[in-house]
Amino acid sequence: MLKISDDLSSLMKAGLSRSVTSLLIKVATAGLTYLALIVLSQTLAPLEYGHYAIGLSAATLLAVLAGLGQQSAILRLWPELSQTGAGGSAHAVLRAGATLSLIGALVLGALLASGALVFSGASGSGITGVGYLLAAAVLVLPLTLSDYFSSALRAQDSVWVALAPRDLAWRAALPAVFLALFMIGAPVGGTAALLICAALLVICLAVQVAWAKRRGYALAFARRSALKPYIETHGLRSRWFLLAAAVDAISLNADTLLVGWLADEASAALYFNAFRTAGLMTLFSYSATLVVAPMLSRHYHARDLRKTQATAVLSAALGFGFSLVCLMTFVLFGGPILSLFGPEYVDGLPILIILSIGFLVDASTGSVRTTMLVAGREQLYVGIMTAAVLGCVLLQVLLIPSLGVWGAAIASSAARIASQIVLGIACARWTGVDTTIFGIFKLRSMM
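Number 24 in the working numbering belongs to position 10 of the sequence shown; there are no gaps in the numbering.
Take a look at the structure:
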């Protein structure tokens with residue numbers, strides 16, 4: 015039996031307490047997100063729902079790219095600068111990251127809108143034919159800022175202020191508004207649904223900023239003159255953080271876009287629902303990571319590998335256990351769960367199971383991504399994930415035309431399993447921290 019010292023016991027209890035709070039928020043988020051998707055899938059035609067799925071996936075992907083890696087940078091740099099006091103002010107870094115995120119969102123949103131307009135002219139579809147892409151372009155800005163503000167607040171050890179405005183208020187408002195419009199005889203289409211998402215998120219962002227200032231948390235933008243010193247000091251690391259965020263975003267959102275392109279919008283909607291359902295398996299892992307990221311950074315840069323390993327073990331164990339329960343639930347009740355979206359989506363059950371196997375392996379590696387980033391192994395992480403994403407996309411391009419959503423699911427799950435196994439091994443070797451469920455054995459040897 016593993017005997018845990020008092021200091022590690024206190025550390026793990028604190029991490030567990032915060033993780034449970036974060037999990038409760040994320041469970042509520044998942045429920046509200048599901049409710050919004052169910053309302054939309056039940057009230058929209060498959061084509062319109064497919065437009066919504068494609069637009070949301072595109073906006074989410076571009077929002078991550080627009081963040082220029084600043085979401086990850088602030089999670090690493092704030093604890094690091096607060097711990098060492100070197101490399102400039104933590105507050106200056108936070109403000110510069112916010113400004114870069116704003117600029118990135120404006121640029122990529124404008125590029126998406128311009129591309130949609132050019133396509134509408136070339137194809138003769140008109141503005142209405144690409145309306146959902148224009149709406150997605152509008153959504154990029156609030157999504158980008160909400161991602162960064164959440165990361166900045168989590169870096170300051172906030173949970174409620176960081177997560178509640180977007181994950182609770184926004185998610186609750188979406189199904190309420192969609193259902194209210196349907197009940198009064200004014201159901202929305204895919205384009206209108208995306209615009210409503212953007213408008214409500216802007217309101218929630220304003221509430222978050224006001225709440226953060228009242229609680230004494232830092233949230234602000236930098237002046238243009240402050241960007242150059244930040245880029246000169248931290249620009250290289252930010253580029254690697256961007257690449258890391260980009261490959262992660264592609265792995266989570268490109269599938270739906272490829273199915274919509276190589277198959278059709280209805281197939282994209284079916285795959286979107288199955289993928290979002292399977293993604294619930296990583297709910298606890300993601301919730302724990304939200305909390306342990308600053309802790310991992312703080313302990314690692316303080317050169318306390320024992321506490322770093324203990325934090326990683328806690329994250330992996332809780333995440334894997336939760337994911338295993340989810341997989342069993344999907345095997346037994348996956349059909350009824352998918353039927354909530356409509357009877358036509360029950361056919362996605364095999365896709366759900368295939369994807370779930372990949373997500374289970376994902377959960378078994380715990381906070382591998384966060385650990386590699388805080389340990390300065392961004393290049394290694396990006397290299398492994400880039401190979402996995404490129405391999406996945408290549409397989410999907412080859413398989414989707416003949417196998418449809420089955421091909422997309424098989425390629426996605428295979429790439430996820432391979433990448434997580436390699437990442438787990440690489441992280442243990444190059445950082446000294448085993449973030450997988452087997453990390454308990456390393457922790458035992460450190461006692």
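Ideal placement from N, C-alpha and C gives every residue a C-beta, glycine not left out.
Point to revise | Own chain residues within Cβ distance below 6 Å of L332, not counting five before or after | key: Working through the sequence shown from its first residue, we reach residue 332 at position 318. Around L332, the same chain offers F298 and A302 as residues with beta carbons nearer than 6 Å, after the five sequence neighbours per side are excluded.
Practice item. Answer with buried or exposed for A80, where buried requires no fewer than 16 other C-beta atoms within 10 angstroms of its C-beta. Key: Within the sequence shown, numbered from 1, the residue matching residue 80 stands at position 66. Burial is judged here by how many other beta carbons sit within 10 angstroms of a residue's own beta carbon; A80 has at least 16 and is buried.
Point to revise | Segments assigned beta strand (DSSP E), at least 3 residues, entirely inside the region 261 to 297 | key: The qualifying runs do not exist here; there are none.
**Study point:** Separation of D448 from L276, as counted between CA atoms
**Key:** Against the sequence shown, residue 276 aligns to sequence position 262. Against the sequence shown, residue 448 aligns to sequence position 434. When the Cα atoms are used, L276 and D448 turn out to be separated by approximately 39 Å.
**Study point:** A280 to Q85 span [Cα, whole Å]
**Key:** Here the question's residue 280 lines up with position 266 in the sequence shown. Here the question's residue 85 lines up with position 71 in the sequence shown. For A280 and Q85, the distance between alpha carbons rounds to 33 Å.
Check your understanding: Quick one: what's got a C-beta closer than 8 Å to L272's C-beta in the same chain, skipping five residues either side?
Key -> Counting from 1 along the sequence shown, the entry for residue 272 is found at position 258. Cβ within range, chain order: V407, Q410, V411, I414 and A422.
**Study point:** Euclidean distance between Cα positions of A286 and A425
**Key:** Looking up residue 286 in the sequence shown gives position 272. Looking up residue 425 in the sequence shown gives position 411. The sequence shown places Phe at residue 286, rather than the Ala named in the question. Taking C-alpha positions only, F286 is separated from A425 by approximately 15 Å.
Exercise for review: Might you give, ordered along the chain, the residues of its own chain that have their beta carbon closer than 8 Å to the beta carbon of A326, omitting 5 neighbours on each side?
Suggested key: Within the sequence shown, the letter at position 312 stands for residue 326. Cβ neighbours of A326 beyond the five flanking positions: V306, L310, G380, S381, T385, V447, D448, T449 and G453.
**Study point:** Through-space distance from W225 to A236, alpha-carbon basis
**Key:** As a first step, residue 236 must be located in the sequence shown, where it is residue number 222. As a first step, residue 225 must be located in the sequence shown, where it is residue number 211. C-alpha separation (whole angstroms): 20 Å.
Review point. Under the criterion of a Cβ to heavy atom distance below 6 Å, does L195 qualify as lining the ligand ATP?
Key: Absent from the structure shown: the ligand ATP. Ligands present: none.
Point to revise | Whole-angstrom distance between S96 and G129, CA atom to CA atom | key: In the sequence shown, residue 129 corresponds to position 115, counting from 1. In the sequence shown, residue 96 corresponds to position 82, counting from 1. Going from the Cα of G129 to the Cα of S96 covers about 42 Å.
Review point. Looking at C-beta atoms only, is the number of pairs between the region 132 to 143 and the region 193 to 200 that lie closer than 8 Å three or more?
Key: Flag = no, the region 132 to 143 and the region 193 to 200 do not touch.
Exercise for review: Using the Cα positions of A106 and L157, report the straight-line distance between them to the nearest angstrom.
Suggested key: As a first step, residue 106 must be located in the sequence shown, where it is residue number 92. As a first step, residue 157 must be located in the sequence shown, where it is residue number 143. Distance between the alpha carbons of A106 and L157 is about 22 Å.
Review point. Is there contact here, the region 165 to 183 with the region 212 to 221, by at least three beta-carbon pairs under 8 Å?
Key: As far as the Cβ criterion goes, the region 165 to 183 touches the region 212 to 221, which means the pair count is three or higher.
Practice item. Within the region 83 to 117, note down every full alpha helix (DSSP H) run reaching 4 residues or more, in order along the chain. Key: As far as the region 83 to 117 is concerned, its whole alpha helix (DSSP H) runs of at least 4 residues are 84 to 98.
Practice item. Measure the alpha-carbon distance for I398 versus V261 and round it to whole angstroms. Key: Within the sequence shown, residue 398 is the residue found at index 384, counting from 1. Within the sequence shown, residue 261 is the residue found at index 247, counting from 1. Each residue's CA atom was taken as its position, placing I398 and V261 some 10 Å apart.
Practice item. Could you tell me the boundaries of the alpha helix (DSSP H) in which Q393 lies? Key: The residue given as residue 393 occupies position 379 in the sequence shown. From DSSP, the alpha helix (DSSP H) with Q393 extends over E392 to L417.
Point to revise | Residue range of the unbroken alpha helix (DSSP H) whose run includes R238 | key: Mapped onto the sequence shown, residue 238 falls at position 224. Element bounds for R238: n/a, residue is neither H nor E.
**Study point:** Cut-off 6 Å between Cβ atoms - residues of its own chain near L319, not counting five sequence neighbours on either side
**Key:** Residue mapping note: residue 319 aligns to position 305 of the sequence shown, counting from 1. Cβ contact annotation for L319 (same chain, cutoff 6 Å, sequence separation greater than five): G446, in chain order.
Review point. On the three-state DSSP scale, how would you describe I365?
Key: Counted from its first residue, the sequence shown places residue 365 at position 351. Helix at I365.
Review point. Comparing alpha-carbon positions, which option in F289, V345, A110 and A240 lies nearest W92?
Key: Locating residue 92 in the sequence shown gives position 78, where the first residue counts as 1. Closest by alpha carbon: A110.
Review point. Taking all protein chains shown into account, do 16 or more other C-beta atoms lie within 10 angstroms of the C-beta of I88, making it buried, or fewer, making it exposed?
Key: The count along the sequence shown starts at 1 and reaches residue 88 at position 74. The residue is buried, with at least 16 neighbouring Cβ atoms inside 10 Å.
Review point. In chain order, what residues of the same chain lie with their CB nearer than 7 Å to the CB of G101, ignoring the 5 residues before and after it?
Key: One-based indexing of the sequence shown puts residue 101 at position 87. Because G101 carries a pLDDT of 45, less than 50, the predicted location of this residue cannot be relied on, and no value is offered for it.
Exercise for review: Indicate the three-state DSSP secondary structure (helix, strand or coil) for V243 in the structure shown.
Suggested key: Sequence index remark: in the sequence shown, residue 243 carries index 229 (1-based). The sequence as given places Pro at residue 243; Val does not occur at that position. Helix at P243.
Check your understanding: Would you report the Cα separation of D376 and A292, rounded to the nearest angstrom?
Key -> As a working note, residue 376 is residue 362 in the sequence shown. As a working note, residue 292 is residue 278 in the sequence shown. Approximately 11 Å, taken between the alpha carbons.
Check your understanding: Whole-angstrom Cβ separation of A151 and A136, contact assumed at under 8 Å?
Key -> Counting from 1 along the sequence shown, the entry for residue 151 is found at position 137. Counting from 1 along the sequence shown, the entry for residue 136 is found at position 122. The beta-carbon distance between A151 and A136, rounded to whole angstroms, is 18 Å. This is too long to meet the 8 Å contact definition.
Point to revise | Span separating the alpha-carbon of L473 from that of D161 | key: Outside the modelled stretch of the chain, which goes from 15 to 461, sits residue 473, for which no answer is possible.
Point to revise | First and last residue of the uninterrupted alpha helix (DSSP H) at D171 | key: Position 157 of the sequence shown, counting from 1, holds the residue named residue 171. Counting along the chain, D171 falls outside any alpha helix (DSSP H), and DSSP gives it neither H nor E.
Practice item. Look at the alpha carbon of L366 and the alpha carbon of T296, and state the distance between them as a whole number of angstroms. Key: Indexing the sequence shown from 1 puts residue 366 at position 352. Indexing the sequence shown from 1 puts residue 296 at position 282. Rounded to the nearest angstrom, the gap between the Cα atoms of L366 and T296 is 14 Å.
Review point. Rounded to whole angstroms, how far is the Cβ of Y314 from the Cβ of V436, which I believe are closer than 8 Å?
Key: Residue numbering aside, residue 314 sits at position 300 when the sequence shown is read from its first letter. Residue numbering aside, residue 436 sits at position 422 when the sequence shown is read from its first letter. About 21 Å separates the beta carbon of Y314 from that of V436, a gap too long to meet the 8 Å contact definition.
Practice item. Assign G69 to one of three DSSP states: helix, strand, or coil. Key: Against the sequence shown, residue 69 aligns to sequence position 55. G69: helix per DSSP, three-state reduction.
Check your understanding: Whose CA, out of R312, R391 and S265, lies closest to the CA of L2?
Key -> Residue coverage of the chain in this structure runs from 15 to 461, which leaves residue 2 outside it and unanswerable.
Review point. How is the alpha helix (DSSP H) around F347 delimited, first residue to last?
Key: Residue mapping note: residue 347 aligns to position 333 of the sequence shown, counting from 1. Following the DSSP letters along the chain, one finds F347 inside the alpha helix (DSSP H) bounded by residues L319 to S353.
Review point. Would a C-beta distance cut-off of 7 Å place L256 and L82 closer than the cut-off?
Key: To locate residue 256, count along the sequence shown from 1; it is residue 242. To locate residue 82, count along the sequence shown from 1; it is residue 68. Yes, these two residues count as a Cβ contact at 7 Å.
Review point. How many Å lie between A119 and R185 at the Cα?
Key: Position 105 of the sequence shown, counted from the start, is the residue given in the question as residue 119. Position 171 of the sequence shown, counted from the start, is the residue given in the question as residue 185. Rounded to whole angstroms, A119 to R185 spans 21 Å at the Cα level.
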